[in-house]
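With this note's numbering applied, the sequence shown has no gaps in its numbers, which climb one by one up to 309 at the end. Step one of this worksheet: look at the structure below.
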Amino acid sequence: MATSMELRCWGGDWGLPSIHTESLVVLAYAKFSGAKLTVAPIDWTWRTLTGTVPELVCQGSTVTEPAQILNYLRKLRFNADYELSARQGADTMAYIALLEEKLRPALLHTFWVDTENYSSLTRPWFASRSPFPLNFLVPGHHANTALSRILLTKSDSPLHTITEVEGKIYSEAKECLNLLSHRLGTAYYFFGNTPCSLDAFVFGFLAPLHKASLPSSPLQNHLRQLENLQRFCDHILNAHFSSHPGETGSPQPVQETVDANLQKLTQLVNKESNLIEKMDDNLRSSPQHKPFRADPRPSPSNSTGSTPA
């Protein structure tokens with residue numbers, strides 16, 4: 001008998017199954033690993049203020065935080081990383097750490113701190129999904145949490161205010177996007193022909209930025225210059241979340257030039273990857289049974305009939 005699993009998360013919009021980054025990470029990984037989840041949106045409940053999402057409920061256990069949920073799914077033999085080498089597993093952990101450190105602060109600022117985006121898009125969306133009187137409280141609560149997180153992690157001396165750290169966080173975020181674009185190249189996924197946890201994290205971070213109609217976003221404008229990352233998001237939506245998947249366009253070549261900042265980020269990833277590879281990390285200590293993952297849907301062929309590397 002299949003294990004019943006319920007995922008509590010924010011609901012979807014903008015062509016996405018959820019507009020919430022962490023929820024998207026778990027939803028994508030579940031698709032990649034073959035885990036069957038019952039999705040329970042917290043929209044229009046009192047949990048919009050107090051709930052910690054995503055939250056996985058299974059067999060009387062409740063698990064929160066994407067990394068912990070993914071580890072729990074691996075223990076149930078839903079392992080999208082089963083075919084990764086030790087080196088690829090270490091690279092995965094390094095890139096996820098880079099996303100958290102370099103990209104997340106800019107995403108928080110884009111959606112929750114930027115005045116124009118917050119007043120025109122973010123606040124109305126979350127208010128419309130919260131019951132009265134929480135519709136007056138939820139957006140402000142999340143905005144204050146986002147601002148506090150940015151200042152806590154990025155306001156090192158001599159930078160103390162959000163205005164002073166804006167330039168820093170957006171510069172680092174753009175460099176992170178450049179590194180991801182260079183690493184992905186013309187492939188559909190980051191490692192081979194099947195998606196893994198790194199693909200789930202990158203998708204969760206990038207998809208809202210890719211799909212949201214933001215009136216003011218230098219980071220979104222930068223993403224629009226990186227065609228392979230946009231294609232990456234669209235391909236995952238089409239191949240794994242569409243009931244009628246169609247053909248996606250052939251991958252276009254991307255510029256291979258790496259500037260000095262990108263080289264520094266690459267060195268950072270390599271350094272973290274080497275350190276993580278020596279550790280008994282979660283990926284390498286997860287159960288190594290053959291996963292229950294269903295046969296992945298084949299990636300669309302390019303114009304020459306070959307599959308992207």
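All C-beta atoms, glycine included, are put in the ideal place defined by N, C-alpha and C. From a predicted model like this one, the values you see are computed outputs, not experimental measurements.
With a cutoff of 8 Å on beta-carbon distance, Tyr-170 and Ala-106 are scored as near each other. About 7 Å separates the beta carbon of Asn-117 from that of Ser-217, a gap short enough to meet the 8 Å contact definition. Here DSSP, grouped into helix, strand and coil, assigns Cys-176 to helix. Segment contact: the region 3-11 against the region 38-53, three or more CB-CB distances shorter than 8 Å; contact assigned. About 13 Å separates the Cβ atoms of Met-5 and Lys-31, ruling out a contact at the 8 Å cut-off. Taking C-beta separations shorter than 8 Å and ignoring five residues to either side along the sequence, the partners of Thr-62 in its chain run Glu-55 and Leu-56, following chain order. Contact check for Ala-28 and Ile-236: beta-carbon distance about 6 Å, within the 8 Å limit, so the pair qualifies.
Collapsing the DSSP output to three states places Thr-92 in a helix. Excluding its 5 nearest sequence neighbours in each direction, Val-138 has C-beta neighbours in its own chain below 6 Å: Thr-48, Leu-49, Phe-126 and Ser-130, listed in chain order. Annotated three-state conformation of Ser-130 is coil, per DSSP.
The beta carbon of Thr-110 sits closer than 8 Å to the beta carbons of Asn-117, Leu-209, Leu-214, Ser-217, Leu-219 and Gln-220 from its chain, once the five residues preceding and following it are set aside; these are given in chain order. Looking only at His-141, Lys-168, Thr-64 and Gly-140, the smallest Cα-Cα distance to Thr-153 is reached by Lys-168. Inside the region 59-89, DSSP marks whole beta strand (DSSP E) runs of 3 or more residues at positions 61-64, from first to last along the chain. DSSP lists no bridge partner for Pro-215. Per the coordinates, the alpha-carbon of Lys-174 lies some 14 Å from the alpha-carbon of Glu-100. Here Leu-103 is near Cys-176, since their CB atoms are less than 8 Å apart. The distance from the Cβ of Leu-198 to that of Phe-205 is about 11 Å, inconsistent with a contact at the 8 Å cut-off. Checking the DSSP bridge columns, you'll see Cys-9 partnered with Pro-41. Distances from the alpha-carbon of Thr-3 to those of Gly-185, Thr-38 and Glu-164 put Thr-38 closest. Leu-226 carries a coil assignment under DSSP once its states are collapsed to helix, strand and coil. A straight line joining the alpha-carbon of Arg-87 with that of Ser-23 spans about 27 Å. If you draw a straight line from the Cα of Met-93 to the Cα of Ala-200, it comes to about 12 Å. When rounded, the separation of the alpha-carbon atoms in Arg-224 and Gln-59 is 42 Å.
Sequence-distant partners of His-20 (beyond 5 residues in either direction) whose C-beta falls short of 7 Å from its own C-beta, in its chain, are Cys-9, Trp-10 and Val-53.
Leaving aside the five residues that flank Pro-17 on each side, the residues in its chain whose CB is nearer than 6 Å to its CB run, in chain order, Leu-27 and Phe-241. In the three-state reduction of the DSSP assignment, Leu-137 falls in the coil class, being assigned neither a helical nor a strand state. In this chain, the alpha helix (DSSP H) harbouring Val-26 covers 21-33. Looking at the DSSP output, Val-57 bridges to Glu-6 and Thr-62. Check the Cα spacing between Tyr-188 and each of Phe-232, Ala-207 and Ile-150: the tightest is with Phe-232.
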